[in-house]
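Chains as they are written, first to last, in our numbering: chain A, 91 to 650; chain B, 268 to 413. We treat Cβ as the ideally placed atom computed from N, Cα and C, and that holds for glycine. Each remark here refers to the structure printed beneath this line.
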Amino acid sequence: MADDLKQPFLPGLEQDIEKWQKSYDAQIAGDKVVRNRSGMEIKPLYTPKDWDSGNYIHDLGMPGQEPFTRGIYPTMHRGRTWTQRQLIGLGTPEDYNERVLKLLDAGASAISLLPCNSGFRGIDCDEAPLPLLGTCGTVVNNVDHMDRALNRVPLERISTAMNDPAPYTLLAFVLGVAKKRGVDWSMITGTSNQSDYISHFVANHMFYRLSLPGSRRMLVDHIAFCREKVPNWNPVSVVGQHMQQAGATPAETMGLTLSTAMQYADDCIAAGMDVDEVLRRFTFFFDISVSFFEEVAKFRAGRRIWTRLAKERLGAKDPKSWRFKFHGQTSGSDLTRQQPLNNIARVTTQAMAGIFSGLQSMHTDAYDEAIACPTEETARVAVATQNILREEAHLCDVIDPLGGSYYVESLTNQMEEEICAVMDKIEAAGGMYRAVEDGVVQTMLGDSALAAQEKIESGEEKLVGVNCYQVDDETIASPPPYRPDTAAMEQHVVEFRQFKQDRSQAEVKRALDQMARAANTDSANLFGEVVDAAMAGVTHGEIVACLRDELGFGHPLIVA
Amino acid sequence: MSENTEKTPERVLITKIGMDGHDRGSRIIAAFLRDAGMEVIYTPPWQAIDAVVNLAVQEDVEVIGVSSLATDHLIMPDLMKALKDAGQDHIEVIVGGIVPDQEHQMLLDAGVAKIFGPGAMREEIVDTVRDLAAVASKTKFESLGV
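Structure follows, in structure tokens:
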């Protein structure tokens, strides 16, 4: 590819390269082939032969201009740095509120909410084993819980991102709280993280909540509802993070994520929605691994491909639809249990890759991520890492500082080819939805996860403290894990049971009947009924159970 | 018991209990054990404890491997008790995943034989499972008075 460049080379370049190659070969006898995690061969040196700057306008453009390779805004981090959006979720709503208020006092303008795993599982706290409640997320099962979790949080000013898969009960609870507090829904800003059911199905088995077709219907209704009633909310965040954490290589991750976004866009268009109204609100959520240059190339290529897909394939006319907005989370699967403080160096490297990639918001992992759910102290170090990179390291002085590097541009081009090859494979399988139904994606993830582990086992991919530089005695004790106060959690469950007894049972029945009917009526907006039910006092577990009855229980889409 | 010395594949159940659905670890371990020649019974995540016990009995497994990424290990004592109540305490149980140091003893006290953390290597895991399967098999025969 690099050899057919049309640009005339600098005089003498060919000879110089040849000369260098000779001395290189003489000094490194039997140089082994180096490949990155996506399997691309990496050369020892990149020169003007590898990247033709004559393609600058077509391939890169200026920041804020097509194809947005260098960034989606003209000013990027020079104008406004990324939003620091740490994922938080723990304990009772009161526990969560205490930590969130501390963050807001410290100047945060955005918060996130990670629900308890019982919520992910689709059940309420009164059905889940007590020892597990609140250990990895906050127990929020109704509007009242959400009200307490967001006590003194001004909904009209603070953007909230919620890990809220279909049927999006957390957003329904927030809307209930807003109504109660007299906050207009148009003032509500934030993102339904993890509304991307496809990534949940393949990486997290969300089939236990709703069936695949049921989730598909819910997402389209959710997008339609938000567009009309909560216009400043981002109803979709396409989660590449799940794919990469489950084993996909960086190139596969970007390909699968873009294919997923195409599926959702196609579904919305088929439901009669305007392409620009839908795409303007699309956001993406990715893992940032420690494979530094590969990650930078992944994001730069992704931005470029998305612009072309949105414009050419989907026919979007609003430049906002062409912008690939993404949140990055430093990769937990790169972190080690061994010598946990080493993880601070890994997170720093990952975060730098994210910053150089021009991300819009970021979560940095705590260094005890491979040991436990983060403590307050380790979470503080994670935030400080971002602060140091932003304030001290002069990383934000220049937009897309790696742009123009022969290596980075060549790798971005190569990455684009790889990503498009993955997308072609998905298209050949009948599109993303079909590919998931048939297990094509699950097989890809499983194979790549196994291959990655094999490389660590064989020592081909080094992991400090695991397959090299091990220390015999683990002198650094892991920090004590966060565990919620059992008595307070038990009380929370008791109060929840009481709430269920005291509410208007007639209202609950009416709302559930109405939701069940809507589920069987294609023209009804089912998410609207979820919101209505939440406000009538129906709980998270009851909403999921009703929809599961009506839309079908998923089956495990597992390819062993 | 000389007739039993002939090598039969170890029977292992790889599963996840509790609330978390991340299965990258359990799938890799299942593949490793299978490639090592063992008979692996694999389940999707989110199994009920009773279902795990029933499956272990039906499949006559020697070892159960439970993968836990997000605190599900906290209900391991419930699984251990259920196995005991079902008269299956010859089965050796291992836990793999993220278990804070401070909680290892709690699992060992409940009867878990071994805990593997992130970074554990294939060889060590395979050898341990093989050894534990031999122990379980021996315990079972002894309890039967064979």
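Exercise. At what residues does the alpha helix (DSSP H) containing Ala626 of chain A begin and finish?
Worked result: Taken as a continuous stretch (DSSP letters only), Ala626 of chain A belongs to no alpha helix (DSSP H), as it is neither H nor E.
Exercise. According to a CB-to-CB cut-off of less than 8 angstroms, which residues of the segment 326 to 340 of chain A neighbour chain B?
Worked result: If the cut-off is 8 angstroms between Cβ atoms, the segment 326 to 340 of chain A has Gln335, Ala336 and Gly337 near chain B.
Exercise. Whose CA, out of B:Asp287, B:Leu322, B:Arg278 and B:Gln325, lies closest to the CA of Ala423 of chain B?
Worked result: With chain B represented from 268 up to 413, any question about residue 423 of chain B goes unanswered, as that position is not in the structure.
Problem set entry | Enclosing alpha helix (DSSP H) for Asp195 of chain A [first to last residue] | Asp195 of chain A -> alpha helix (DSSP H) spans Pro183 to Asp195.
Exercise. Do you know how far the Cα of Leu220 of chain A is from the Cα of Glu580 of chain A?
Worked result: C-alpha separation (whole angstroms): 7 angstroms.
Exercise. Thinking C-alpha only, which one of A:Gln591, A:Arg371 and A:Gln440 is nearest Trp412 of chain A?
Worked result: Each of A:Gln591, A:Arg371 and A:Gln440 was checked against the Cα of Trp412 of chain A, and the nearest Cα belongs to A:Arg371.
Exercise. Counting along the chain, where does the beta strand (DSSP E) carrying Phe376 of chain A start and finish?
Worked result: That run of the beta strand (DSSP E) goes Phe372 to Ile378.
Exercise. Beta strand (DSSP E) containing Arg278 of chain B: first to last residue?
Worked result: For Arg278 of chain B, the enclosing beta strand (DSSP E) starts and ends at Arg278 to Thr282.
Exercise. Between the beta-carbon of Thr629 of chain A and the beta-carbon of Asn241 of chain A, is there less than 8 angstroms?
Worked result: No, these two residues do not count as a Cβ contact at 8 angstroms.
For this session: Can you give me the Cβ contacts of Leu616 of chain A inside the same chain, cut-off strictly under 7 angstroms, excluding the 5 residues immediately before and after it?
Result: Only Arg307, Met308, Asp311, Ala608 and Ala609 meet the Cβ criterion.
Problem set entry | Where the beta strand (DSSP E) containing Ser199 of chain A begins and where it ends | Unbroken run through Ser199 of chain A: none, as it is neither H nor E.
Exercise. Using Cβ-Cβ distances below 7 angstroms, what residues of the segment 523 to 551 of chain A are close to chain B?
Worked result: Using a CB distance below 7 angstroms, the part of the segment 523 to 551 of chain A facing chain B consists of Gly536, Ala539, Leu540, Gln543 and Glu547, ordered along the chain.
Exercise. For chain A, is any of its Cβ atoms less than 8 angstroms away from the one on Leu300 of chain B?
Worked result: Contacts with chain A at 8 angstroms (Cβ-Cβ) do not include Leu300 of chain B.
Exercise. How do the segment 129 to 137 of chain A and the segment 422 to 442 of chain A stand: do at least 3 beta-carbon pairs fall below 8 angstroms, yes or no?
Worked result: Touching, no.
For this session: Write down the C-beta distance between Val307 of chain B and Leu350 of chain B rounded to the nearest angstrom, noting that I regard them as a contact closer than 8 angstroms.
Result: A Cβ-Cβ separation of about 19 angstroms leaves Val307 of chain B out of contact with Leu350 of chain B under the 8 angstroms criterion.
Exercise. If the cut is a Cβ gap below 8 angstroms, which residues of chain B does Thr426 of chain A touch?
Worked result: Per Cβ cutoff of 8 angstroms: Pro385 and Gly386.
For this session: Taking Leu260 of chain A as the reference, give the member of A:Arg638, A:Leu641 and A:Met625 with the closest Cα.
Result: The shortest Cα separation from Leu260 of chain A among A:Arg638, A:Leu641 and A:Met625 belongs to A:Met625.
For this session: Assess, as a yes-or-no matter, whether the segment 481 to 496 of chain A is touched by the segment 358 to 377 of chain A under the definition of 3 or more beta carbon pairs within less than 8 angstroms.
Result: With the cut-off at 8 angstroms, the segment 358 to 377 of chain A and the segment 481 to 496 of chain A do not touch.
For this session: Please decide whether Leu373 of chain B counts as near chain A, where near means a Cβ-Cβ distance under 8 angstroms.
Result: In the sequence as presented, Leu is not what sits at residue 373 of chain B; that position holds Met. Not one chain A Cβ lies under 8 angstroms of Met373 of chain B.
For this session: Please classify Ser269 of chain B: does DSSP put it in a helix, a strand, or coil?
Result: The predicted model places Ser269 of chain B with a pLDDT of 45, which falls under 50 and marks its position as unreliable, so this point remains unresolved.
Exercise. By how many angstroms is the C-alpha of Arg301 of chain B removed from the C-alpha of Ala380 of chain B?
Worked result: Rounded to the nearest angstrom, the two C-alpha atoms are 21 angstroms apart.
Problem set entry | Residue closest to Glu359 of chain B, alpha-carbon to alpha-carbon, out of B:Leu411, B:Phe299 and B:Met343 | Glu359 of chain B has its Cα closest to that of B:Met343, out of B:Leu411, B:Phe299 and B:Met343.
Exercise. Can you tell me the Cα-Cα spacing of Val124 of chain A and Tyr496 of chain A, whole angstroms?
Worked result: For Val124 of chain A and Tyr496 of chain A, the distance between alpha carbons rounds to 17 angstroms.
Problem set entry | Asn253 of chain A - containing beta strand (DSSP E), residue span | Note, Asn253 of chain A: beta strand (DSSP E), Ser249 to Asn253.
For this session: Flag Pro303 of chain A as yes when its Cβ comes closer than 7 angstroms to any non-hydrogen atom of the ligand PLP, and as no otherwise.
Result: The ligand PLP is not among the ligands present in this structure, which contains no ligands whatsoever.
For this session: Please confirm if Arg294 of chain B has its CB atom under 8 angstroms from at least one CB of chain A.
Result: So yes, Arg294 of chain B belongs to the interface.
Exercise. So which residues of chain B does Ala460 of chain A contact, with C-beta pairs closer than 7 angstroms?
Worked result: Residues of chain B whose Cβ lies closer than 7 angstroms to the Cβ of Ala460 of chain A are, in chain order, Ile365 and Pro385.
Exercise. How many Å lie between Arg291 of chain B and Gly337 of chain A at the Cα?
Worked result: C-alpha separation (whole angstroms): 7 angstroms.
Problem set entry | Cβ-Cβ distance between Asn294 of chain A and Asn253 of chain A below 8 angstroms | Going by C-beta atoms, Asn294 of chain A is not nearer than 8 angstroms to Asn253 of chain A.
Exercise. How should Met91 of chain A be labelled, buried or exposed, when 16 other C-beta atoms within 10 angstroms of its C-beta is the threshold for buried?
Worked result: For Met91 of chain A, the predicted structure reports a pLDDT of 44, less than 50, and the residue's modelled location is therefore unreliable. The matter cannot be settled from this model.
Exercise. Straight-line CA distance for Gly120 of chain A to Ile201 of chain A?
Worked result: The alpha-carbon atoms of Gly120 of chain A and Ile201 of chain A are separated by roughly 52 angstroms.
Problem set entry | Under 9 angstroms by beta carbon: chain A residues contacting Ala377 of chain B | The contacting residues do not exist; Ala377 of chain B stays about 12 angstroms from chain A at best.
Exercise. Ile382 of chain B bridges to which residues according to DSSP?
Worked result: Per DSSP, the beta-bridge partners of Ile382 of chain B are B:Val362.
For this session: Specify, as a first and last residue, the run of the beta strand (DSSP E) that Thr281 of chain A falls within.
Result: Per DSSP, Thr281 of chain A belongs to the beta strand (DSSP E) from Gly280 to Asn283.
For this session: Could you tell me if Gly494 of chain A is buried or exposed, where buried requires 16 or more neighbouring beta carbons within 10 angstroms of its beta carbon?
Result: Per the 10 Å Cβ criterion, exposed.
Exercise. Does DSSP put Gly392 of chain A in a helix, in a strand, or in coil?
Worked result: In the structure shown, Gly392 of chain A adopts helical secondary structure according to DSSP, grouped into three states.
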